[in-house]
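A.B. asks:
4 protein chains.
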Amino acid sequence: MDAVKGIVPPMATPLLDDDTLDLEGIENLIEHMINGGVNGIFILGTTGEGPSLSHTLRTALIRHVCERARGRVPILAGLIESSFKEAVVMAEAARESGVHAVVITPPFYFNIEQDELYGFVRQLIREISLPAYLYNNPALTGVYYEPETAARLLNLPEVLGIKDSSGNMVYFNQLLNLSGLPGVTFLVGPEQLLLESLSIGGTGGVPGGANLFPRWYVNIYDAAMKGDLEKARSYHEKVMKLSETVYSGKGYGSGNVINGIKYVLKAMNICNDYSARPLLKVSGEKAEMIDGFLNSVGNDNGE
Amino acid sequence: MDAVKGIVPPMATPLLDDDTLDLEGIENLIEHMINGGVNGIFILGTTGEGPSLSHTLRTALIRHVCERARGRVPILAGLIESSFKEAVVMAEAARESGVHAVVITPPFYFNIEQDELYGFVRQLIREISLPAYLYNNPALTGVYYEPETAARLLNLPEVLGIKDSSGNMVYFNQLLNLSGLPGVTFLVGPEQLLLESLSIGGTGGVPGGANLFPRWYVNIYDAAMKGDLEKARSYHEKVMKLSETVYSGKGYGSGNVINGIKYVLKAMNICNDYSARPLLKVSGEKAEMIDGFLNSVGNDNGE
Amino acid sequence: MDAVKGIVPPMATPLLDDDTLDLEGIENLIEHMINGGVNGIFILGTTGEGPSLSHTLRTALIRHVCERARGRVPILAGLIESSFKEAVVMAEAARESGVHAVVITPPFYFNIEQDELYGFVRQLIREISLPAYLYNNPALTGVYYEPETAARLLNLPEVLGIKDSSGNMVYFNQLLNLSGLPGVTFLVGPEQLLLESLSIGGTGGVPGGANLFPRWYVNIYDAAMKGDLEKARSYHEKVMKLSETVYSGKGYGSGNVINGIKYVLKAMNICNDYSARPLLKVSGEKAEMIDGFLNSVGNDNGE
Amino acid sequence: MDAVKGIVPPMATPLLDDDTLDLEGIENLIEHMINGGVNGIFILGTTGEGPSLSHTLRTALIRHVCERARGRVPILAGLIESSFKEAVVMAEAARESGVHAVVITPPFYFNIEQDELYGFVRQLIREISLPAYLYNNPALTGVYYEPETAARLLNLPEVLGIKDSSGNMVYFNQLLNLSGLPGVTFLVGPEQLLLESLSIGGTGGVPGGANLFPRWYVNIYDAAMKGDLEKARSYHEKVMKLSETVYSGKGYGSGNVINGIKYVLKAMNICNDYSARPLLKVSGEKAEMIDGFLNSVGNDNGE
């Protein structure tokens with residue numbers, strides 16, 4: 587299987603309440619993103635509130651998404667698990683439903699060391715039957731895939747690439763400069779860094795905003811690949827404005843990104859705006875700020 | 587139900603591998619602690635590797651421990667969950683097995699705010715049928731129960747107390763000085779702070795070392811309650827030596843505490859020394875250091 | 587020279603503006619603290635805004651304080667310097683004025699390692715002609731005196747003790763359990779921890795609040811030494827109330843402690859309430875909270 | 587005065603010991619950088635060990651550098667001061683010697699808030715007679731110029747630009763997207779990020795490695811400005827190799843950058859390798875790694 591390149595949105599999870607899927611919303615959102623030209627869909631990541639959902643619900647979500655996507659784009663499923671055994675079980679459910687690859691986050695309760703991280707992920711890859719991506723998100727998991735650890739794992743034939751949400755571009759540069767990794771993909775998390783990561787050799791991104799305006803991000807990627815820096819920058823500026831309003835609040839990585847995305851999804855009539863506990867809905871002042879942003883955007887969806 | 591006071595060990599979880607309980611070890615360990623005079627047993631906490639175990643295994647552990655303990659001491663069960671729904675399901679399993687109370691850790695993936703924390707825990711207490719303790723461990727969960735949030739929750743009749751593993755004694759003092767909380771218990775996590783917490787009004791502790799030498803900790807508690815500071819200090823010094831060897835490595839809160847405890851449990855023929863992934867066994871140099879410590883202790887188990 | 591034990595207030599620095607001493611205020615404050623029974627005075631520490639003052643002003647302050655104190659209590663002077671050379675020069679000025687000992691903070695710009703810290707402090711002690719105390723304040727300097735480093739330095743005959751403002755009582759316990767350090771003094775910084783540090787073997791404290799109510803802190807120390815825990819706790823509770831109002835705002839270690847102390851010093855007609863830049867004066871809501879606290883205290887100064 | 591664009595090395599400070607300048611080394615280093623085509627020289631920054639030097643030595647350094655540079659490139663001088671008064675005095679010394687602008691770091695002892703930061707810097711700009719740049723380095727100072735604070739200061743006519751060493755490219759993007767700041771320059775600190783910062787609109791950099799191979803960095807800048815991405819990337823890869831060897835050790839921002847630069851400067855016969863306390867010289871393994879790197883570079887100085 588080839589590693590995915592381009593734009594792979596971390597799909598938000600439409601919910602009716604903490605333990606009930608919004609099935610119609612799921613279908614709408616999938617169509618919206620595929621129509622926007624995305625190159626894959628990543629479910630049950632941070633933006634997908636994976637860790638907040640019961641394992642039963644996660645399994646149901648995987649099945650529904652695979653059914654609705656009908657193979658038009660590859661589906662990647664997050665394994666954000668503190669328990670090794672739960673990760674194995676979830677990976678098997680993903681395989682049965684037709685997921686293309688899993689995305690492995692370090693176990694995130696204990697403050698672990700690199701040998702513990704390597705041992706966990708190496709064994710997990712042995713015990714599952716799907717290709718894997720690594721997912722680096724130290725602000726939430728408390729541990730980095732240090733470059734040496736990343737290199738050892740990225741050299742395994744089962745590992746297709748890495749998604750880096752650290753926001754640390756010195757680190758991302760170090761990954762890109764790891765030697766002997768042909769075919770591996772390097773996807774950047776924070777969408778504010780999409781353009782610059784592509785300019786130094788990154789191969790794609792996992793931008794939360796591609797739930798909302800997928801074509802903007804696809805345009806940045808396509809323009810950067812063609813060397814049309816002016817076009818790429820014009821969409822980069824839209825993304826900066828989106829991030830400063832829709833994600834505003836208490837810092838990237840917290841629930842502000844998620845509740846902002848859900849607020850806009852509701853405004854677009856795509857799905858409900860419910861976030862699973864502990865996250866809360868967007869409140870007054872931020873709602874107004876987002877409304878203002880959406881007004882300024884108008885019909886400019888990048889088509 | 588009365589709030590527990592005194593020494594409540596966070597029971598280590600004897601394992602044969604990542605997903606198999608060491609049933610004989612569990613029985614041995616329970617008898618060892620109860621014979622040592624402990625005032626309760628806390629299972630599925632950090633030391634119990636709760637987050638590393640599958641939910642099926644956690645449920646089995648709860649049942650086995652309740653059966654073996656036979657009501658001789660109250661059993662407290664940790665709810666260290668990132669998913670609200672999983673927490674509710676686990677609490678119901680705990681109730682069915684005869685657990686006396688649950689111990690609620692904040693959801694630990696997202697970096698959440700106090701209103702999100704309060705909403706999660708408040709609703710959880712509504713939906714479950716057991717009394718609850720709060721468990722503050724910001725180094726692992728990324729969020730504090732700020733004094734004001736703690737006060738609101740500790741005022742609920744269902745909430746019996748708080749276990750604080752922050753190691754921040756300014757904070758612990760603030761908790762003790764919250765007004766209007768009769769009958770609430772204040773348990774300190776780090777055993778190096780047990781004596782001093784009792785000297786300023788704390789009502790007990792959750793020391794990992796009480797898996798190993800339960801009577802030492804019971805002696806500190808009893809001596810402090812009687813005002814026999816000299817005796818209390820003599821056992822405090824033993825605890826300091828234990829912590830500097832058995833827990834050595836990479837800092838409190840990481841796997842060093844757990845793998846050190848398991849190493850000693852095996853040396854005492856109580857149970858296996860396997861820790862669930864991602865944690866690793868004690869390695870060479872630390873093993874020698876612990877052996878030296880155990881030699882120096884000899885038969886001094888505090889009886 | 588004997589190491590100081592008991593209560594050593596970190597004297598606030600009365601100022602008319604950023605570079606002018608309030609000489610009358612200095613005299614008032616010294617008399618106020620000595621009348622309150624303190625065992626020494628520590629100038630140019632964090633509470634004394636040492637790093638905010640020009641070296642010329644620091645030299646003038648040292649001279650004035652030594653003259654006014656007239657040898658009634660030992661004077662300790664902080665060396666909070668990022669430059670080795672400046673530290674040497676300041677120590678010489680201190681010696682000339684009659685200071686009894688200097689208090690050495692790690693250099694605080696670079697993120698340094700233990701060997702760099704040890705080399706800096708070891709050489710500084712060689713080049714100066716006064717006894718020294720170590721001052722551990724990692725929240726502000728970014729580096730700990732790790733127990734092993736502290737032990738090496740505390741074994742030097744020129745080093746009389748350590749002041750620990752980390753607030754980490756596990757660490758403070760480790761210091762107390764260092765072996766072979768007769769005569770060394772262990773002073774705790776945060777006054778909320780004064781009572782408990784004394785209960786486990788600490789030998790004194792450096793409480794900011796002793797600028798205001800010196801007798802309260804002296805009473806805690808004296809009562810704890812005599813084993814009168816009830817009396818000690820009654821003053822501990824006053825200290826907790828003081829710290830929750832006078833130091834409120836943005837966390838211990840920031841300017842809230844300092845501007846709160848200066849606000850009360852002005853209310854007591856001891857000196858001006860000016861803090862050197864970058865610190866700001868107490869603002870509206872906090873001022874009201876402190877006024878309420880002072881009303882509740884009335885004339886209860888601990889005599 | 588126009589804001590500087592392009593490559594402005596943070597000049598290392600050649601020293602014979604903690605308080606003696608290496609005057610010949612200073613002259614050599616200035617010629618080396620100017621011959622390499624740099625657009626300015628920034629002295630007394632982090633790489634220049636500003637905070638480790640006495641104020642007398644800093645003043646002497648400023649004078650020597652201005653004399654030797656003879657106006658061929660603008661000289662910028664760092665004000666890394668915890669004391670407002672010392673900053674004012676140092677700025678006056680800089681003006682007298684012919685420095686073109688000062689570079690203002692936040693006061694770095696107390697953990698300060700934005701209003702305290704703004705007040706300090708705003709008043710400093712009022713009291714000095716030179717244009718200013720802001721210098722953001724939160725890892726060492728403990729405080730950010732938050733975008734709103736930066737915007738207020740960058741709008742002052744006396745403020746020419748900002749140097750950002752945070753390594754946080756989301757933040758750097760936010761700065762670039764601040765509105766209404768014509769003529770302001772945005773210089774990036776970490777040289778690993780030079781290329782990508784230029785690709786999104788940055789106007790220059792302050793790379794430590796430009797003490798060693800100034801032409802490499804000038805080539806990146808010139809190539810990026812002409813849109814020759816291929817040439818820019820080829821020098822970017824050299825810079826990544828330099829940073830992974832010369833700066834290896836304990837993380838950017840610590841002394842590893844500085845002692846690595848000094849080791850190479852000595853190998854190039856430009857100056858001594860002494861670093862002021864607390865920093866230490868390069869030790870065995872790192873020395874070998876750097877030797878290997880220098881061998882691989884050979885005569886490739888970018889000309």
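Chains as they are written, first to last, in the working numbering: chain A, 587 to 889; chain B, 587 to 889; chain C, 587 to 889; chain D, 587 to 889.
Think of the CB as a built atom: it goes at the ideal place given N, C-alpha and C, for glycine as much as any other residue.
Would you tell me roughly how many angstroms separate the C-alpha atoms of Gly631 (chain B) and Gln700 (chain A), rounded to the nearest one?
C.D. replies: Walking along the second sequence from the start, residue 631 (chain B) turns up at place 45. Walking along the first sequence from the start, residue 700 (chain A) turns up at place 114. Each residue's Cα considered, the two are about 23 angstroms apart.
A.B. asks: Starting from the C-beta of Gly878 (chain D), find all residues in its chain whose C-beta is less than 8 angstroms away, skip the five residues before and the five after it, and write them out in chain order.
C.D. replies: In the fourth sequence, counting from the first residue as 1, residue 878 (chain D) sits at position 292. Answer for Gly878 (chain D): Thr831, listed in chain order.
A.B. asks: Do the segment 592-604 of chain D and the segment 864-878 of chain C touch if we need at least three Cβ pairs shorter than 8 angstroms?
C.D. replies: no
A.B. asks: How far does the beta strand (DSSP E) with Asp877 (chain B) in it extend, from its first residue to its last?
C.D. replies: For the purposes of this step, residue 877 (chain B) is taken as the residue at position 291 of the second sequence. From DSSP, Asp877 (chain B) is part of no beta strand (DSSP E) but of the alpha helix (DSSP H) over Gly870 to Val883.
A.B. asks: How many whole angstroms separate the CB atoms of Leu726 (chain C) and Phe696 (chain D), which I take to be in contact at a CB cut-off of 8 angstroms?
C.D. replies: As a first step, residue 726 (chain C) must be located in the third sequence, where it is residue number 140. As a first step, residue 696 (chain D) must be located in the fourth sequence, where it is residue number 110. Going by Cβ atoms, the distance from Leu726 (chain C) to Phe696 (chain D) rounds to 7 angstroms, so yes, they are a contact pair.
A.B. asks: Identify the continuous alpha helix (DSSP H) that holds Asn621 (chain D) and give its terminal residues.
C.D. replies: Locating residue 621 (chain D) in the fourth sequence gives position 35, where the first residue counts as 1. Element bounds for Asn621 (chain D): Leu609 to Asn621.
A.B. asks: Can you look up Phe670 (chain C) in the DSSP assignment and give me helix, strand or coil?
C.D. replies: On the third sequence, position 84 is the one that residue 670 (chain C) refers to. Looking at Phe670 (chain C) - three-state DSSP - the assignment turns out to be helix.
A.B. asks: Against chain C, does Glu871 (chain D) count as a neighbour if the rule is that its beta carbon must be under 9 angstroms from one of theirs?
C.D. replies: Reading the fourth sequence from its first residue, position 285 is the one you call residue 871 (chain D). For Glu871 (chain D), the answer is no, since every Cβ of chain C falls outside 9 angstroms of its Cβ.
A.B. asks: Please identify, using Cβ separations under 8 angstroms, the residues of the segment 763-790 of chain C that lie next to chain B, in order along the chain.
C.D. replies: Asn763, Pro776, Gln778, Leu779, Leu781, Glu782, Ser783, Ser785, Ile786 and Gly787
A.B. asks: For Thr789 (chain C) and Val590 (chain C), what's the separation of their Cα atoms in angstroms?
C.D. replies: One-based indexing of the third sequence puts residue 789 (chain C) at position 203. One-based indexing of the third sequence puts residue 590 (chain C) at position 4. Those two C-alpha atoms are separated by around 9 angstroms.
A.B. asks: So, helix, strand or coil for Ala598 (chain C), using DSSP?
C.D. replies: Here residue 598 (chain C) refers to the residue found at position 12 when the third sequence is read from its first residue. Three-state result, Ala598 (chain C): coil.
A.B. asks: Does Leu591 (chain C) come out as helix, strand or coil in the three-state DSSP assignment?
C.D. replies: Here residue 591 (chain C) refers to the residue found at position 5 when the third sequence is read from its first residue. Checking the displayed sequence, the identity of residue 591 (chain C) turns out to be Lys instead of Leu. Coil at Lys591 (chain C), not helix or strand.
A.B. asks: Is DSSP giving Tyr838 (chain B) helix, strand or coil here?
C.D. replies: For this step, residue 838 (chain B) is matched to residue 252 along the second sequence. In this prediction, Tyr838 (chain B) has a pLDDT of 46, which is less than 50 and means its spatial position is unreliable; what the coordinates show is noted afterwards. Residue state, collapsed to three classes: coil.
A.B. asks: Would you say Leu746 (chain B) and Asp603 (chain B) are within 9 angstroms of each other, going by their C-beta atoms?
C.D. replies: Locating residue 746 (chain B) in the second sequence gives position 160, counting from the first residue. Locating residue 603 (chain B) in the second sequence gives position 17, counting from the first residue. No; because the gap between Cβ atoms is not below 9 angstroms, this pair is not in contact.
A.B. asks: To the nearest angstrom, how far is it from the Cα of Gly791 (chain A) to the Cα of Asn805 (chain A)?
C.D. replies: Here residue 791 (chain A) refers to the residue found at position 205 of the first sequence. Here residue 805 (chain A) refers to the residue found at position 219 of the first sequence. Taking the straight line joining both Cα atoms gives about 12 angstroms.
A.B. asks: Within the continuous alpha helix (DSSP H) that includes Phe758 (chain B), where are the two ends?
C.D. replies: By one-based count along the second sequence, residue 758 (chain B) stands at place 172. Annotation for Phe758 (chain B): the continuous alpha helix (DSSP H) segment containing it runs Met755 to Leu762.
A.B. asks: Tell me Lys812 (chain D)'s beta-bridge partners as DSSP assigns them.
C.D. replies: Position 226 of the fourth sequence, counted from the start, is the residue given in the question as residue 812 (chain D). Answer by DSSP bridge pairing: none, since Lys812 (chain D) is not bridged.
A.B. asks: Looking at the unbroken alpha helix (DSSP H) that takes in Thr645 (chain D), where does it start and where does it end?
C.D. replies: Residue numbering aside, residue 645 (chain D) sits at position 59 when the fourth sequence is read from its first letter. Its alpha helix (DSSP H) spans residues His641 to Ala655.
A.B. asks: Buried or exposed for Thr735 (chain A), please, with buried defined as at least 16 other CB atoms from any protein chain shown within 10 angstroms of its CB.
C.D. replies: Residue mapping note: residue 735 (chain A) aligns to position 149 of the first sequence, counting from 1. Buried.
A.B. asks: Give the DSSP bridge partners of Leu662 (chain A), in chain order.
C.D. replies: Position 76 of the first sequence holds residue 662 (chain A). Bridge partners of Leu662 (chain A): A:Phe628 and A:Ala687.
A.B. asks: Need the endpoints of the beta strand (DSSP E) that Leu746 (chain B) sits in, please.
C.D. replies: As a first step, residue 746 (chain B) must be located in the second sequence, where it is residue number 160. Residues Val745 to Asp750.
A.B. asks: Relative to the C-alpha of Ser552 (chain B), which residue among B:Glu816, B:Ala853, B:Lys852 and B:Lys867 is closest?
C.D. replies: Outside the displayed range of chain B (587 to 889) lies residue 552 (chain B), so it cannot be described from this structure.
A.B. asks: Which bits of chain C does Asn759 (chain B) rub up against, with CB to CB less than 7 angstroms?
C.D. replies: Taking the second sequence and counting its residues from 1, one reaches residue 759 (chain B) at position 173. Those are Gln778 and Met826, listed as they occur along chain C.
A.B. asks: Grab the span of the alpha helix (DSSP H) containing Phe696 (chain D) for me, first residue to last.
C.D. replies: Locating residue 696 (chain D) in the fourth sequence gives position 110, counting from the first residue. Segment: none, Phe696 (chain D) is in no alpha helix (DSSP H) and carries neither H nor E.
A.B. asks: Would you mind working out which of A:Asn887, A:Met676 and A:Ser785 sits nearest Ile714 (chain A), comparing C-alpha positions?
C.D. replies: If you number the first sequence from 1, residue 714 (chain A) lands on position 128. For Ile714 (chain A), the nearest C-alpha among the options comes from A:Met676.
A.B. asks: Can at least three beta-carbon pairs, one atom from the segment 630-649 of chain D and one from the segment 657-674 of chain C, be found at a separation below 8 angstroms?
C.D. replies: Yes: the two stretches touch, three or more of their Cβ pairs being nearer than 8 angstroms.
A.B. asks: How about Glu732 (chain A) and Met755 (chain A): do their beta carbons lie closer than 9 angstroms?
C.D. replies: Position 146 of the first sequence, counting from 1, holds the residue named residue 732 (chain A). Position 169 of the first sequence, counting from 1, holds the residue named residue 755 (chain A). It is not a contact, given that the beta carbons lie outside the stated cut-off.
A.B. asks: Answer with yes or no whether the minimum CB distance from Glu732 (chain C) to chain B is below 9 angstroms.
C.D. replies: By one-based count along the third sequence, residue 732 (chain C) stands at place 146. It does not: the Cβ of Glu732 (chain C) has no partner Cβ on chain B nearer than 9 angstroms.
A.B. asks: For Ile711 (chain C) and Gly626 (chain C), what's the separation of their Cα atoms in angstroms?
C.D. replies: Counted from its first residue, the third sequence places residue 711 (chain C) at position 125. Counted from its first residue, the third sequence places residue 626 (chain C) at position 40. Rounded to the nearest angstrom, the two C-alpha atoms are 21 angstroms apart.
A.B. asks: Going along chain G in order, which residues have a C-beta closer than 8 angstroms to the C-beta of Tyr803 (chain C)?
C.D. replies: The structure shown has no chain G; the protein chains it does contain are A, B, C and D.
A.B. asks: Please list the residues of the segment 690-711 of chain C that have a C-beta atom closer than 7 angstroms to any C-beta atom in chain D, keeping them in chain order.
C.D. replies: Listed by position, the residues of the segment 690-711 of chain C near chain D (Cβ gap below 7 angstroms) are Pro693, Phe694, Tyr695, Phe696, Asn697, Ile698, Glu699, Asp701, Glu702, Leu703, Gly705, Phe706 and Gln709.
A.B. asks: Determine the direct distance from the alpha carbon of Tyr704 (chain A) to that of Tyr838 (chain B), and round the result to whole angstroms.
C.D. replies: Position 252 of the second sequence, counted from the start, is the residue given in the question as residue 838 (chain B). Position 118 of the first sequence, counted from the start, is the residue given in the question as residue 704 (chain A). Because Tyr838 (chain B) carries a pLDDT of 46, less than 50, the predicted location of this residue cannot be relied on, and no value is offered for it.
A.B. asks: Within 10 angstroms of the Cβ of Thr606 (chain D), are there 16 or more other Cβ atoms? Answer buried if so, exposed if not.
C.D. replies: Your numbering for residue 606 (chain D) matches position 20 in the fourth sequence. Thr606 (chain D) comes out exposed.
A.B. asks: Where does Arg656 (chain C) land, buried or exposed, given buried means 16+ other C-beta within 10 angstroms?
C.D. replies: For this step, residue 656 (chain C) is matched to residue 70 along the third sequence. By the neighbour-count rule (16 or more Cβ atoms within 10 Å), Arg656 (chain C) is not buried but exposed.
A.B. asks: Output needed in chain order: residues of the segment 737-761 of chain B with a Cβ under 7 angstroms from some Cβ in chain C.
C.D. replies: Gly753, Asn754, Met755, Val756 and Asn759
A.B. asks: Suppose the cutoff is 8 angstroms on Cβ atoms and the five residues either side in sequence are ignored; what does the same chain contact list for Ser752 (chain B) look like?
C.D. replies: In the second sequence, residue 752 (chain B) corresponds to position 166, counting from 1. Asn722, Asn723, Pro724, Ala725, Tyr730, Phe758 and Gly775.
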